[in-house]
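Below is one structure, written out as structure tokens; comments come after it.
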């Protein structure tokens, strides 16, 4: 019997999207539930707020532009905070003081991927932002985050000072939009089936098994 073909899973999400933070935990739980299925996971960029300038803006300015006022977000935030808590995650919206443009975060994730550390890099950035209220527009914060997951701090600092991979990341994010992805997280299985939203782990595990079975049945024909 031939070995199962790994199922390719592209996870399209953004570092500052709270449902992506929750969705990351749920897809990881799903992968544990379907641990007998071989997978190849790729973290793909998405710009939840492409209009935020590269240097970022104050959180209050952002919440006013997006929700009408910082107060208007509080009701929405309560639900998300509770959902994060159910997954064992901490979200403290009151600690976030600055809204970043996430192109540099996505560059770090892409560079970490070369060392097999993309998921760890993404997790570190999300924890900094949602749990600690870290300023992801601050180069020192980004460099430290990269060092925390085992990347070379000086190398990362040099690369962040250039435009390396800015075009590549922007192109990938544009490609996701062109394919009709407007809400994240979106999980794309085998480049043909998409599941949108931070779905429960059981549902995602079922999708992983179904698509993998279908792929391997086709391969056996």
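Residue numbers (our numbering): -1 to 219. Virtual Cβ for every residue (Gly too), placed ideally from N, Cα, C. Model, not experiment: these values are computed from the prediction.
Item	Value
Tell me the DSSP bridge mates of residue 41?	9
Which of the three DSSP states is assigned to residue 52 in this structure?	coil
Which residue comes first and which comes last in the alpha helix (DSSP H) that contains residue 67?	Premise fails: residue 67 is in no alpha helix (DSSP H) and is neither H nor E.
Leaving out five residues on either side along the sequence, give the residues of the same chain with a beta carbon under 8 Å from the beta carbon of residue 67.	61
Anyone know if the C-beta pair for residue 134 and residue 149 falls short of 8 Å?	no
Taking 8 Å as the cut-off, decide whether the C-beta atoms of residue 5 and residue 213 are in contact.	yes
Terminal residues of the continuous beta strand (DSSP E) containing residue 186?	184 to 187
Which residues in the same chain as residue 154 place their Cβ atom closer than 6 Å to its Cβ, once the five residues preceding and following it in sequence are excluded?	141, 144
Alpha carbon to alpha carbon, what distance is there between residue 34 and residue -1?	Note on residue -1: pLDDT 44, under 50, position unreliable in the model; no value is reported.
Suppose you measure from the CA of residue 86 to the CA of residue 219; what does that come to, to the nearest Å?	43 Å
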